[in-house]
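This report concerns only the one structure given below.
Protein chains: 2
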Amino acid sequence: MQDKVLIVGAGAIGAFYGALLAKAGAEVAVACRSDYQIVKRQGYQIISASLGDWTFLPSQVVKTTDDYQGQADYLILCTKMTADIDRAEIIRAAVSPQTTIVFIQNGVETEQELLDAFPDNEIVSGLAFICCNRLQPGQISHLAYGKLTLGQLPAGIGDKTRHLAELFNQSGIDCVAMDDIITGRWTKCVWNAPFNPLSVLSGGLATQDIVRSQESFIRAIMHEVCAIAAACGHPLAENVVDLNIQSTYKMPPYRTSMLLDFENGQPMETEVILGNAVRAGEREHIACPNLKALYALMKLRELKIAESKRQDKR
Amino acid sequence: MQDKVLIVGAGAIGAFYGALLAKAGAEVAVACRSDYQIVKRQGYQIISASLGDWTFLPSQVVKTTDDYQGQADYLILCTKMTADIDRAEIIRAAVSPQTTIVFIQNGVETEQELLDAFPDNEIVSGLAFICCNRLQPGQISHLAYGKLTLGQLPAGIGDKTRHLAELFNQSGIDCVAMDDIITGRWTKCVWNAPFNPLSVLSGGLATQDIVRSQESFIRAIMHEVCAIAAACGHPLAENVVDLNIQSTYKMPPYRTSMLLDFENGQPMETEVILGNAVRAGEREHIACPNLKALYALMKLRELKIAESKRQDKR
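Going down the list, the sequences are from chains A and B. Using full-length UniProt numbering, the letters of the first sequence map in sequence onto residues 1 to 314. Using full-length UniProt numbering, the letters of the second sequence map in sequence onto residues 1 to 314.
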């Protein structure tokens, strides 16, 4: 039987992963607001350096989950994690008892909201290591990477998680299921917590310039993330800081997602990437002055952006 | 006998204080590079909210101290404190045995360079609390404040310091001589170390918005400056942090000098305001993670500025 999938928040990442699942044989619907008209008419055009180009025609295109017809086996939530979004609210109408809720979103400590709202559903946390952009409405460019890591909450790997990982693997993307996905999220935060804010606060430096100029500062921030993760019961690999530093030197100069959001005048994921880490540190009584300083600075930056927007409106 | 004064670096602050001394009866020459031609022709036009408007005609206008004629009683150095300036070098030609060298410049731990270069001269450290701008070549606007604090190095108040303070007081500006000017410098750094970098890193917020939004962060930075000053043998007043916070709430929204430099594409005084404080903290083994974070961020900002300038040139 064909798996029924509903992608909620079909921006670049949601549309791309949805297109992969359709390629693997699933019946994939999408809920999208901004590009609704054009996607309804012609679907998504996927342009991928590694997987070729193809058109993804969703089985249904809806504006909100209220309009979704049927019962999804998997609801995959891919919206950006900004402060104004109530994740439970936007998916609730399409969640049936058998629906596995998967969220492929940034940040740490973002689980509880969904666990509380859907205590009887299987919930899967997903981490995407991918570089893809929306070129224009309905057109998605997949530039590099794509690896997906999935894990059931609170821990473990269930049958449906394993099956979803298989579908992704069939579609040509590397997808692994991991036992402790929360540790995976903290591991990703080791890189995100310094490089996302610093790319914005520096005025737009690429990651290589940042690490070359301020390696010891970056390491100090990364070690704070490790200490917080350990205090939360998720000790990270001992060499995680070294590996992240080394890989950043080797990566091509990379402009972070937060920098792209900033430059495009979009809300940034400050709270889930940095704010949640700082709050976890405070709760666990772990000193994290560098994370706190970055968080305070990002809040000032956001205040300035809000001020400028108010002035533009006058 | 008329006091002979040479102002070196006659930007807004140098020209304004020179004009005051001329008003008080001193013979005031200026060394200035950028506005040399117009100042030689017509002097400086001073426009002051509190002291009225007048024209200041220097006794000599020279490009460099090599061209200065005579022996100065006071050489007052007012250049900006950027990394590329060798202060001893630019004043050397005009320093006679009886010349008292006064520097009215920002920053902490900036004394040694001059003490080493001129071991036999009296050296006076000066702190200006002033708001004045160069409106156009040869035209200086004095907006508010003006208070000057002077103190001999390494400490104490000599006759010539007292005499200079009297001249300034006669001219209509408040000038006090203080016994331990180095403590005065650290006290000023308590305000400068947070607000100057944060005004830039926030993208241009005024000081009131910064303190309203992030008071506890500001306090943490200020306490680090206090701890470093104490370790350097200059304990600050116990209520200095509270007073600085209170006065910032009361000040009109203020855009710092570092922010103005940044917006005008000028070099910023990052090293003397922040770098020297961090280096003193490291030398004295005082933990100052917030100052270090701000310093690292300012270095990244400067790296981005240099990168953008290189690209503009192409």
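Glycine included, each C-beta is placed from N, C-alpha and C at the ideal position.
Could you tell me the distance, in whole angstroms, from the CA atom of K23 (chain A) to the CA atom of F168 (chain A)? Position 23 of the first sequence, counted from the first residue, corresponds to residue 23 (chain A). Position 168 of the first sequence, counted from the first residue, corresponds to residue 168 (chain A). Computed Cα separation, rounded: 9 Å.
How is H142 (chain B) classed by DSSP in three states: helix, strand or coil? As a position in the second sequence, residue 142 (chain B) is number 142, starting the count at 1. If DSSP states are grouped into helix, strand and coil, H142 (chain B) belongs with the strands.
Please determine, among B:A293, B:D120, B:Q170 and B:G43, the residue with the shortest C-alpha to C-alpha distance to L51 (chain B). Translated into positions along the second sequence, residue 51 (chain B) becomes position 51. Of B:A293, B:D120, B:Q170 and B:G43, the residue nearest in Cα terms is B:Q170.
How about N196 (chain B): is its C-beta nearer than 7 Å to some C-beta of chain A? Counted from its first residue, the second sequence places residue 196 (chain B) at position 196. Closer than 7 Å: no.
Interface partners of F217 (chain B) on chain A, CB under 8 Å: Walking along the second sequence from the start, residue 217 (chain B) turns up at place 217. Result: K292, A293 and A296.
Is the CB of S141 (chain A) under 7 Å away from at least one CB in chain B? Counted from its first residue, the first sequence places residue 141 (chain A) at position 141. False, the Cβ-Cβ gap to chain B never drops below 7 Å.
With DSSP collapsed to three states, give me the class of V28 (chain A). Taking the first sequence and counting its residues from 1, the one referred to as residue 28 (chain A) is at position 28. Three-state DSSP puts V28 (chain A) in a strand.
Unbroken stretches of the alpha helix (DSSP H), 4 residues or longer, contained in the UniProt domain "Ketopantoate reductase C-terminal" (180-301) of chain B: 181-201, 207-231, 240-250, 257-263 and 276-283
Which partner residues of L150 (chain B) appear in the DSSP bridge assignment? Residue numbering aside, residue 150 (chain B) sits at position 150 when the second sequence is read from its first letter. According to DSSP, which records beta bridges pairwise, L150 (chain B) is partnered with B:G126 and B:A177.
Output, in sequence order along the chain, the residues in the UniProt domain "Ketopantoate reductase C-terminal" (180-301) of chain A whose CB is closer than 8 Å to any CB in chain B. L198, L201, S202, G203, G204, L205, D209, I210, S213, Q214, F217, A220, P289, N290, K292, A293, L294, A296, L297, K299, L300 and R301
As assigned by DSSP and simplified to three states, the class of T64 (chain B): Here the question's residue 64 (chain B) lines up with position 64 in the second sequence. Looking at T64 (chain B) - three-state DSSP - the assignment turns out to be coil, as it is neither helix nor strand.
Flag this pair as yes or no: are the beta carbons of V39 (chain B) and I91 (chain B) separated by less than 7 Å? Along the second sequence, read from residue 1 onward, the residue named residue 39 (chain B) stands at position 39. Along the second sequence, read from residue 1 onward, the residue named residue 91 (chain B) stands at position 91. Not closer than 7 Å, so no.
Exposed unless 16 or more other CB atoms sit within 10 angstroms - verdict on S125 (chain A): Working through the first sequence from its first residue, we reach residue 125 (chain A) at position 125. Label assigned to S125 (chain A): buried.
For the alpha helix (DSSP H) containing G18 (chain A), list its first residue and its last residue. Along the first sequence, one-based indexing puts residue 18 (chain A) at 18. That run of the alpha helix (DSSP H) goes A12 to K23.
If M251 (chain A) sits next to T270 (chain A), beta carbons under 8 Å apart, how far is it from one beta carbon to the other, in whole angstroms? Here residue 251 (chain A) corresponds to residue number 251 of the first sequence, with the count starting at 1. Here residue 270 (chain A) corresponds to residue number 270 of the first sequence, with the count starting at 1. Contact flag wrong, Cβ pair sits at about 23 Å.
Please report the residue range of the alpha helix (DSSP H) in which residue 316 (chain B) lies. The structure shown has nothing for residue 316 (chain B), since chain B only spans 1 to 314.
Give the DSSP-derived three-state secondary structure of F103 (chain B) in the structure shown. In the second sequence, residue 103 (chain B) corresponds to position 103, counting from 1. F103 (chain B): strand per DSSP, three-state reduction.
Quick one: using the 10 Å Cβ neighbour count with 16 as the cut-off for buried, is L304 (chain B) buried or exposed? Translated into positions along the second sequence, residue 304 (chain B) becomes position 304. One point to set straight first is that residue 304 (chain B) is Lys, not Leu, in the sequence displayed. It is buried - the Cβ of K304 (chain B) has at least 16 other Cβ atoms within 10 Å.
Give the residues of chain B in contact with K313 (chain A), contact being defined as C-beta atoms less than 7 Å apart. Within the first sequence, the letter at position 313 stands for residue 313 (chain A). Those within 7 Å of K313 (chain A) in chain B number zero; the least Cβ separation is about 18 Å.
So, helix, strand or coil for Q170 (chain A), using DSSP? Against the first sequence, residue 170 (chain A) aligns to sequence position 170. In the structure shown, Q170 (chain A) sits in a helix (DSSP, three-state: H, G or I).
Tell me the DSSP bridge mates of N121 (chain A)? For the purposes of this step, residue 121 (chain A) is identified with residue 121 of the first sequence, where counting begins at 1. Paired residues: none, contrary to the question.
Test item: CB-CB of L127 (chain A) and T149 (chain A) under 7 Å: Stepping through the first sequence from its first residue, residue 127 (chain A) is reached at position 127. Stepping through the first sequence from its first residue, residue 149 (chain A) is reached at position 149. Yes. Within cutoff.
Can you check whether the C-beta of L21 (chain B) is within less than 7 Å of a C-beta belonging to chain A? As a working note, residue 21 (chain B) is residue 21 in the second sequence. No, no contact with chain A.
If you count every other CB in all the chains shown that lies within 10 Å of the CB of D66 (chain B), and 16 or more means buried, which is it? What you label residue 66 (chain B) is simply residue 66 of the second sequence in a count that begins at 1. It counts as exposed.
Chain-ordered chain A contacts of K304 (chain B) [CB-CB under 9 Å]: Stepping through the second sequence from its first residue, residue 304 (chain B) is reached at position 304. In chain order: S202, G203, G204, L205 and D209.
In this structure, does DSSP put L51 (chain A) in helix, strand or coil? Taking the first residue of the first sequence as 1, we reach residue 51 (chain A) at position 51. Note: L51 (chain A) maps to coil in three-state DSSP.
Buried or exposed, going by whether 16 or more other CB atoms sit within 10 Å of the CB of L6 (chain A)? On the first sequence, position 6 is the one that residue 6 (chain A) refers to. By the neighbour-count rule (16 or more Cβ atoms within 10 Å), L6 (chain A) is buried.
Assuming I140 (chain B) and Y44 (chain B) form a contact by the criterion Cβ under 8 Å, report the distance between their Cβ atoms to the nearest whole angstrom. Walking along the second sequence from the start, residue 140 (chain B) turns up at place 140. Walking along the second sequence from the start, residue 44 (chain B) turns up at place 44. Yes, I140 (chain B) and Y44 (chain B) are in contact; Cβ-Cβ is about 6 Å, under 8 Å.
Taking a contact to mean a Cβ-Cβ separation below 7 Å, would you say I173 (chain B) touches L20 (chain B) in this structure? On the second sequence, residue 173 (chain B) is found 173 positions in, with the first residue counted as 1. On the second sequence, residue 20 (chain B) is found 20 positions in, with the first residue counted as 1. Result yes, Cβ atoms of I173 (chain B) and L20 (chain B) sit closer than 7 Å.
Quick check on this structure: which residue in A:V176, A:I47, A:K147 and A:A144 has the alpha carbon closest to the alpha carbon of T158 (chain A)? Against the first sequence, residue 158 (chain A) aligns to sequence position 158. The sequence shown places Gly at residue 158 (chain A), not Thr. It is A:V176 whose Cα lies nearest to the Cα of G158 (chain A).
Would you tell me roughly how many angstroms separate the C-alpha atoms of K160 (chain B) and A206 (chain B), rounded to the nearest one? As a working mapping, residue 160 (chain B) is identified with position 160 in the second sequence. As a working mapping, residue 206 (chain B) is identified with position 206 in the second sequence. Computed Cα separation, rounded: 38 Å.
Neighbour-count burial assignment, H142 (chain B), 16 or more Cβ in a 10 Å radius: Sequence index remark: in the second sequence, residue 142 (chain B) carries index 142 (1-based). Buried is the call here.
G107 (chain B): which of B:R255, B:A83, B:K4 and B:V95 sits nearest, CA to CA? Taking the second sequence and counting its residues from 1, the one referred to as residue 107 (chain B) is at position 107. Among B:R255, B:A83, B:K4 and B:V95, the Cα nearest to that of G107 (chain B) belongs to B:A83.
Euclidean distance between Cα positions of R212 (chain A) and S96 (chain B): Position 212 of the first sequence, counted from the first residue, corresponds to residue 212 (chain A). Position 96 of the second sequence, counted from the first residue, corresponds to residue 96 (chain B). Answer to the nearest angstrom: the Cα atoms are 46 Å apart.
Where L77 (chain B) sits in the DSSP three-state scheme: Numbered from its first residue, the second sequence carries residue 77 (chain B) at position 77. Strand.
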